[in-house]
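Q: Following this message is one structure expressed as C-alpha cells.
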Amino acid sequence: FKVNGLSVGEVGVTKAEATGKVFKLKTLDDFDGIYAAAGAGATAGKGAGVAALVNGKGVEIHLKSETKGASLKVAAEGLKLKLEK
C-alpha cells in the first residue's frame, strides 16, 4: 500500500519500519482513506512508538513503529493509506 502524510521527526534517520494490526475491516475497499489519531500516541521504548489510527469508515490500525535515529510523525491532516491493486 502507499502511504502519504508521514514525516521524520528528526534529521539523521537511517532506518524506519512499522508493523500493525488492522481491526473492523469489512472489505478491502474500506482500508483506503485518511487515518487520524484515535488516541494519544505513546512511546514503547527507545526508538519505538505506538499509535492507534482510525479512518472515516471505522477501520482501526494499531501501528508500532521502529526507527533508528529519528521518530516518525503523522501529519496534522492525517495519514493517507491506499492499497495497491
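Those letters in the sequence shown? Residues 193 to 277, per my numbering, in order. Positions of the beta carbon are idealized from the N, C-alpha and C atoms, including for glycine.
So, is Leu220 buried or exposed, given that buried needs 16 or more other C-beta atoms within 10 angstroms?
A: Answer is exposed; the Cβ neighbour count stays below 16.
Q: Grab the span of the beta strand (DSSP E) containing Lys274 for me, first residue to last.
A: Lys274 -> beta strand (DSSP E) spans 271-274.
Q: How would you call Ala243, buried or exposed, if buried means at least 16 neighbouring beta carbons within 10 angstroms?
A: Ala243 comes out buried.
Q: Counting C-beta neighbours from all protein chains within 10 Å, is the total for Leu275 16 or more, i.e. buried, or is it exposed?
A: exposed
Q: Quick check on Leu350: does DSSP put it in helix, strand or coil?
A: Because the chain is modelled from 193 through 277, residue 350 falls outside the range shown and cannot be assessed.
Q: Terminal residues of the continuous beta strand (DSSP E) containing Ala229?
A: 225-229
Q: For a test of the three-state rule: what should DSSP assign to Phe193, helix, strand or coil?
A: coil
Q: Once the 5 residues before and after Lys213 are set aside, which same chain residues still bring their CB inside 8 Å of it?
A: Ile253, His254
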